[in-house]
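Enquirer: Supplied in structure tokens, the structure appears directly below.
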Amino acid sequence: LLVAGEPSPRYGHSMVNLNGKVYLFGGATAYVSDTLPISSSAGVSGYVPASMLLNDIFASDPDPTIWAPEEPANNPPPARKNHSAVALGEKMYILFGEGDGGLLQDIWMYDPLSRLWQEQVVSGLSKPAARTGHSTVAMFGQIFVYGGRTAEGAVNDLWAFNTGRGSNTWTQRANGGIPVYGHRAVANDTGGKMYVLGGYNDDFRNDLLSYDLNTNTWENIVVEGDRPSRRAFPVATFSANKITIATGRGYNSSGVVTDLDDTWEFDTVAVNWAPKAKVSPHSFSSAVVIPRSPFSAQRELQNLGLAPRTTPGTAILFFGGLRDGRPIAETFEYTGQYLFRLPMVFR
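In the working numbering, the protein residues as written are 950 to 1296.
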């Protein structure tokens, strides 16, 4: 497999799967050799390269491992990092994040067919505060934003954004647990549940919470046995009743704060965690669930007799992140049993 036209090294970007393509937006990338300290309130110690914010967009075309830059027909949103993105109604929505002037409170919609960006006008006075490091999921035609870091610090508020009936409105739902940012959320949209994992507030966390849309209630899920270590800014996805969480910044098995290299799966039916494949350590990455294509790394190894045949299913596509304080431009594909770094060239 080849990764052509790969996006530049970056972290704090977003990815969504929309209409058979993976769209990547924004983030930050190193552009000078200077370094900047990260304060303890960010949950990371040390230095990262000085960076510039991005507002470019890439799409996988046609295979999820073949990247190509998109050329929007109008001006894109302001550049940002640690924002969120979600696919809803054949559109991609970009929400909040950290821009050149500070925390952002805007929402933008991208239409891949027209290649047009449109800032969303919100009706009413009730709306979430500007924030970064929050999470976003789509359920039942609404966009749910949870937590993050505002100008006042970490928060635990939950908001629902409704784009129906010709107007955009925010409705505040029940608050969650401990205020947190740098966490991840995934949705079981058929069951109307959102799961929130990890994050940071004075220290790294490995909580697992669920929110029930139908009852507007939260539950702290208590799991017996092994579980992922405490971390912030991992990647997380949901598929076939299983949550996959990988990488992030947090504690390794020796209790040292570092970029993590593990992958875990949580079975929402059996209510247990299981460790899975290892990957090169990194954090502040992004990932989406994709169908396994006939051109996937798994299929290539099967054709060479280096991996067992499996039934068609899904894989998880990772891109970018930070490793040792430096942005990376690496693409990984995780099949549930194998994890491949791309490009992979077979001769």
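Beta carbons are placed, not taken as given, at the ideal position from N, Cα and C, and that holds for glycine.
Report all residues from its chain with a CB closer than 7 Å to the CB of G1141; omit the five preceding and five following residues, and keep chain order.
Expert: M1088, F1089, D1161, L1162, N1163
Enquirer: Name the residue from P1021, D1156, W1167 whose alpha carbon lies nearest to the alpha carbon of D1060.
Expert: P1021
Enquirer: Of the residues M1143, F1215, G1204, D1151, which one's Cα is nearest the Cα of R1176?
Expert: Looking at M1143, F1215, G1204, D1151, the one whose alpha-carbon comes closest to that of R1176 is F1215.
Enquirer: Counting pairs of beta carbons, one from the region 1146 to 1158 and one from the region 1111 to 1120, are three or more of them closer than 8 Å?
Expert: no
Enquirer: Let me know the secondary structure DSSP gives K1191 once reduced to three states.
Expert: strand
Enquirer: Please look up how many angstroms separate the CB atoms of T1081 and E1039, rounded, as I've assumed it's under 8 Å.
Expert: About 27 Å; that fails the 8 Å criterion.
Enquirer: Whole angstroms is fine: what's the gap from P1276's alpha carbon to A1123's?
Expert: One Cα belongs to P1276, the other to A1123, and the distance between them is close to 36 Å.
Enquirer: DSSP state of D1055, grouped into three classes?
Expert: strand
Enquirer: Out of E955, G961, S957, which has the shortest C-alpha to C-alpha gap to G1131?
Expert: Looking only at E955, G961, S957, the smallest Cα-Cα distance to G1131 is reached by G961.
Enquirer: Whole-angstrom Cβ separation of G1096 and V1104, contact assumed at under 8 Å?
Expert: Rounded, the Cβ-Cβ distance is 6 Å, consistent with contact.
Enquirer: Under 7 Å Cβ to Cβ from S957, same chain only, skipping five residues before and after it: list those, please.
Expert: T978, A1278
Enquirer: Where V1071 and A1078 are concerned, what is the direct C-alpha to C-alpha distance, given to the nearest angstrom?
Expert: 13 Å
Enquirer: In whole angstroms, what is the alpha-carbon distance linking S1116 and V965?
Expert: 24 Å
Enquirer: Grab me the residues of G1254's own chain with a C-beta within less than 7 Å of its C-beta, minus the 5 sequence neighbours each way, in chain order.
Expert: Unreliable placement is indicated for G1254, whose pLDDT of 47 sits below 50; the coordinate value is still reported in the next sentence. Cβ within range, chain order: n/a, list empty.
Enquirer: DSSP three-state label for Y996, please.
Expert: Residue confidence for Y996 is low, a pLDDT of 48 falling below 50, so the modelled location carries little weight; the figure read from the coordinates is stated next. Note: Y996 maps to strand in three-state DSSP.
Enquirer: In whole angstroms, what is the alpha-carbon distance linking W1235 and Y1149?
Expert: Position check: residue 1235 holds Ser in this sequence, whereas Trp was assumed. About 17 Å.
Enquirer: Just verifying my parser: in three-state terms, what is the DSSP assignment at A1219?
Expert: coil
Enquirer: If N1221 and V1172 are in contact, beta carbons under 8 Å, what's the gap, nearest whole angstrom?
Expert: 6 Å
Enquirer: Nearest to T1139 by alpha carbon, out of N1190, R1133, I1170?
Expert: When only C-alpha atoms are compared, the closest one is N1190.
Enquirer: Can you tell me the Cα-Cα spacing of V1205 and N1024, whole angstroms?
Expert: 43 Å
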